[in-house]
Amino acid sequence: MKFNVPEMSCGHCTGTIEKAVTAADANATVTCELSSRTVTVESGLPPEQIADVIRTAGYEPQMIAA
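The numbering used here runs 1 ahead of the 1-based position in the sequence shown.
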């Protein structure tokens, strides 16, 4: 699944998002692209739950692809 995260602007942001997602699903693979401000997640959790995790970390994700 892929999310646009407009507020993600630095390494601290990507680290926060990666840590939050892997805390929710230890087997998740998280790839953050600062240049496009996108987050790609491979996880067994549903997209809505991943979006909630990112939101709880302080960012407003917009689903691009499930």
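A virtual CB, placed ideally from N, CA and C, is assigned to each residue, including glycine.
Excluding its 5 nearest sequence neighbours in each direction, R38 has C-beta neighbours in its own chain below 7 Å: N5, V6, P7, M9, listed in chain order.
Considering only T57, T23, A58, A52, the residue with the shortest C-alpha distance to I65 is A52. For A21, the CB contacts under 6 Å within the same chain, skipping 5 residues up- and downstream, are V54, A58 in chain order.
A straight line joining the alpha-carbon of T41 with that of I18 spans about 11 Å. Within the segment 33-61, the complete beta strand (DSSP E) runs of at least 3 residues fall at 39-43.
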